[in-house]
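Asks: In this text, residue positions in the sequence shown follow full-length UniProt numbering: the first is 1, and each later residue adds one.
The beta-carbon is built from N, C-alpha and C at its ideal position, and this holds for glycine as well.
Handing you this structure, nothing more for now.
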Amino acid sequence: MTARHPWSRYVAIGDSFTEGIGDPEPASPGGHRGWADRVAEVLSSQVPDFAYANLAIRGRLLQQILDEQVDAALDLHPDLITISAGGNDIIRPGTDPDEVAARLDGGIARLRRDGATVVMFNGPDIGGTPVLGRIRGKVAIYNENLHTVAKRHDAIVADMWALRELSDPRMWAPDRLHFSPIGHQTIARMVLDALNVSHDLEPFEAEPLPRQSWRQARIDDIGWAREHLAPWILRRLRHQSSGDGVAPKRPEF
């Protein structure tokens, strides 16, 4: 018989990663499923009257998450909270990973106030990613800070950097900024393992990728830059966010 986990009220907070962008599912609230929904589905199958809320909104910066979502999460009296925050700050030019982590530290202290289990996410290794690969060192510094924050507040780290499967391009959505359904499934498995919760989520069985010519790779890069990178840069210049006007997909239990 499978041992039951100890949680009954789960709240997920964060940005597009936690909202589930890249994992479209018309039947899910907001039209996206994502790793958090997948984790909640497993947790709910093992505990009666399990409750799940997801307050994450795409495009949110760390301070917006701290200001808009932390108190709203605590008001739901959860015993399990996941938070992924700071990634949108880190990818912006000129941000200081030490300063971002220091602000997150205060947020984790607040989330731990009532004794809930808190799961934090560090950043994946983006060394092989076009454009974003240039800030690999910045992400690594942020990650080291997050391990210190987690130790200080007795939080759990869902270690994305160690999840080497994420280097496979099939783990990423066409925009190369969000994860694909396969990526979200892989991350859900990792989170459940970090929580020591048994599950039967299928692992990704990697098959060899077909060889791609240098010319075709460059054509794909140009298409990606035109379709995804340029609009992202334009929103930054206009001080717009993909989350403008978007509400949480699961604001209550």
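By DSSP, does leucine 80 sit in helix, in strand, or in coil?
Replies: Three-state result, leucine 80: strand.
Asks: For valine 197 and glutamate 68, what's the separation of their Cα atoms in angstroms?
Replies: Their Cα atoms are separated by approximately 29 Å.
Asks: Assess contact between the segment 151 to 159 and the segment 167 to 186, defined as three or more Cβ pairs (one per stretch) separated by less than 8 Å. Is contact present?
Replies: At 8 Å Cβ cutoff, the stretches do not touch.
Asks: In chain order, which continuous runs of the beta strand (DSSP E) of length 3 or greater are located wholly inside the segment 139 to 181?
Replies: Segments of the beta strand (DSSP E) lying fully in the segment 139 to 181: 156 to 158.
Asks: Is proline 6 helix, strand or coil when you go by DSSP?
Replies: Of the three classes helix, strand and coil, the one that applies to proline 6 here is coil, per DSSP.
Asks: Can you tell me which of Pro251, Arg103, Arg189 and Leu104 puts its alpha carbon nearest to the alpha carbon of glutamate 165?
Replies: The option with the nearest alpha carbon to glutamate 165 is Arg189.
Asks: Leaving aside the five residues before and after serine 38 along the sequence, list all residues of the same chain whose C-beta is less than 6 Å from its C-beta, in chain order.
Replies: Correcting the residue identity first, residue 38 is arginine in this sequence and not serine. Result list for arginine 38: Ala188, in chain order.
Asks: One question on the structure: do aspartate 125 and arginine 113 come within less than 8 Å of each other, judged by their Cβ atoms?
Replies: Contact flag unset, no.
Asks: Do the CB positions of glycine 123 and isoleucine 81 come within less than 8 Å of each other?
Replies: Going by C-beta atoms, glycine 123 is not nearer than 8 Å to isoleucine 81.
Asks: Can you give the beta carbon distance from isoleucine 13 to alanine 73, rounded, assuming they're within the 8 Å contact cut?
Replies: Rounded, the Cβ-Cβ distance is 5 Å, consistent with contact.
Asks: Using DSSP with H/G/I as helix, E/B as strand and the rest coil, what is isoleucine 13?
Replies: Strand at isoleucine 13.
Asks: Given glycine 86, which residues of its chain have a CB within under 6 Å of its CB, disregarding the five upstream and five downstream residues?
Replies: Once the five neighbours on either side are set aside, the close Cβ partners of glycine 86 are Leu62, Val100 and Leu104.
Asks: For histidine 32, does the three-state DSSP call read helix, strand or coil?
Replies: Note: histidine 32 maps to strand in three-state DSSP.
Asks: Alanine 247 lies in the alpha helix (DSSP H); which residues open and close that run?
Replies: Segment: none, alanine 247 is in no alpha helix (DSSP H) and carries neither H nor E.
Asks: Does DSSP put threonine 95 in a helix, a strand or coil?
Replies: Here threonine 95 sits in coil by DSSP.
Asks: Spatial neighbours of tryptophan 35 within its chain, please: C-beta separation below 6 Å, excluding the five flanking residues on both sides.
Replies: Within the same chain, tryptophan 35 has close Cβ partners His184, Ile187 and Ala188.
Asks: Kindly identify the DSSP beta-bridge partner or partners of asparagine 54.
Replies: Answer is Ala12 and Arg250.
Asks: Quick check on the burial criterion: 16 or more other C-beta atoms within 10 angstroms. Buried or exposed for leucine 209?
Replies: The residue in question, leucine 209, is exposed, as its Cβ has fewer than 16 Cβ neighbours within 10 Å.
Asks: Nearest CA to the CA of histidine 199: which residue from Arg110, Asp244, Asp96 and Ser44?
Replies: Per the Cα distances, Ser44.
Asks: Using the Cα positions of valine 70 and tyrosine 10, report the straight-line distance between them to the nearest angstrom.
Replies: So the alpha carbons of these two residues sit roughly 13 Å apart.
Asks: Taking 7 Å as the limit between beta carbons, can you name the residues of its chain near phenylalanine 50, skipping five residues before and five after?
Replies: So the qualifying residues of the chain are Ser8, Leu43 and Ser44.
Asks: Buried or exposed, going by whether 16 or more other CB atoms sit within 10 Å of the CB of proline 6?
Replies: Exposed: under 16 other Cβ atoms inside 10 Å.
Asks: Select from Arg33, Ser16, Phe17 and Ile141 the residue whose C-alpha is nearest the C-alpha of proline 24.
Replies: Answer by Cα proximity: Arg33.
Asks: Should alanine 27 go down as buried or exposed, given a rule of 16 or more other Cβ atoms within 10 Å for buried?
Replies: So alanine 27 ends up on the exposed side.
Asks: Which residue marks the beginning of the alpha helix (DSSP H) containing valine 197, and which one marks its end?
Replies: Segment: none, valine 197 is in no alpha helix (DSSP H) and carries neither H nor E.
Asks: Do you know offhand how far arginine 134's Cα is from alanine 140's?
Replies: The straight-line gap from Cα to Cα measures roughly 12 Å.
Asks: What residue from Thr148, Pro248 and Phe253 has the CA that sits closest to glycine 59's CA?
Replies: Checked all of Thr148, Pro248 and Phe253; the closest Cα to glycine 59 is Pro248.
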